[in-house]
Amino acid sequence: SQTIHQWPATLVQPVGSPLSLECTVEGTSNPNLYWYRQAAGRGLQLLFYSVGIGQISSEVPQNLSASRPQDRQFILSSKKLLLSDSGFYLCAWSVGGGVYEQYFGPGTRLTVT
Amino acid sequence: DAKTTQPPSMDCAEGRAANLPCNHSTISGNEYVYWYRQIHSQGPQYIIHGLKNNETNEMASLIITEDRKSSTLILPHATLRDTAVYYCIVRVPLLSNFGNEKLTFGTGTRLTIIP
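Below is the structure:
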């Protein structure tokens, strides 16, 4: 069966510090991968998606970047965090080509102080 | 994607059926109805989807009206673990691997299961 892992589960970082969040998927090949952010009391905002190694598309301009160094690994990064980067970060995967559901990881709660 | 309207909150007694409504009066012919839920501090969880026929899986049933302008998610025997925010989403699924299957969640219905 497929599983998706995210770490760390929680993170408190000062403004201006770097960020690296990692997501890995097991049990499937060539998944579509997504990074979402959920601010407190708000809906999900898609940040990045990837349909293959090295292929990253950004939905909104922001202080973050994403990379996909391996087929089932997706990394979210920042060189300098802002207070507005605080939120609940979720990684998700899906299989393209007509499959309709996405599967989400447990999330990382980031607080920028 | 078509807009959906859901009640902001609902209560249901434990062991009873929870019926969550969703209005999507502007749905187009090729748009599917999806349901996800999000338990507090966890990632969203896919529940079920359908086009026009009623669907059932191990988690829930989805009833779509004949005109497809509304649907109801049914949790047949609600438990305390079903307390969550439930999201109804209407969209066209991508049929290629070259695009983005972005999900846009509204505010959903906060379902509270009462012991």
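Protein chains in written order, with the working numbering: chain A, 1 to 113; chain B, 1 to 115.
In this text, a Cβ means the ideal position worked out from N, Cα and C, and glycines have one as well.
Per DSSP, which one or two residues make a beta bridge with residue i?
i, result
"Asp11/B", "Thr112/B"
"Gln6/B", "Looking at the DSSP assignment, Gln6/B forms no beta bridge with any residue, so it has no partner."
"Asn19/B", "Ile74/B"
"Leu11/A", "Leu110/A"
"Leu82/A", "DSSP output for Leu82/A lists no bridge partner at all."
"Asn176/B", "In the structure displayed, chain B extends from 1 to 115; residue 176/B sits before or after that span and is not available."
"Thr24/A", "His5/A, Gln73/A"
"Gln55/A", "Gly52/A"
"Arg37/B", "Gln45/B, Tyr86/B"
"Ile63/B", "Thr72/B"
"Arg91/B", "Tyr32/B"
"Phe104/A", "Ala92/A"
So the beta strand (DSSP E) residue i belongs to, where does it begin and stop?
i, result
"Gly50/B", "45 to 50"
"Gln2/A", "Element bounds for Gln2/A: n/a, residue is neither H nor E."
"Gly52/A", "44 to 52"
"Val15/A", "That residue, Val15/A, is in no beta strand (DSSP E); it is neither H nor E in DSSP."
"Thr108/A", "108 to 112"
"Phe88/A", "87 to 94"
"Arg68/A", "65 to 70"
"Asn32/A", "32 to 38"
Could you check how far apart the C-beta atoms of residue i and residue j are, in whole angstroms? I think they sit under 8 Å.
i, j, result
"His24/B", "Val33/B", "7 Å"
"Leu33/A", "Tyr49/A", "7 Å"
"Leu19/A", "Leu81/A", "5 Å"
"Asp71/A", "Asn30/A", "6 Å"
"Asn54/B", "Ile63/B", "5 Å"
Using the Cβ count rule (16 or more neighbours within 10 Å means buried), how would you classify residue i?
i, result
"Ala13/B", "exposed"
"Gln2/A", "exposed"
"Ile27/B", "buried"
"Gly108/B", "buried"
"Arg37/B", "buried"
"Ile114/B", "exposed"
"Phe98/B", "The pLDDT assigned to Phe98/B is 48, lower than 50, so where the model puts this residue is not dependable; a value taken from the coordinates is nonetheless given after this. So Phe98/B ends up on the exposed side."
"Thr65/B", "exposed"
"Gln55/A", "exposed"
"Val12/A", "exposed"
"Ser17/A", "exposed"
"Leu46/A", "buried"
"Leu73/B", "buried"
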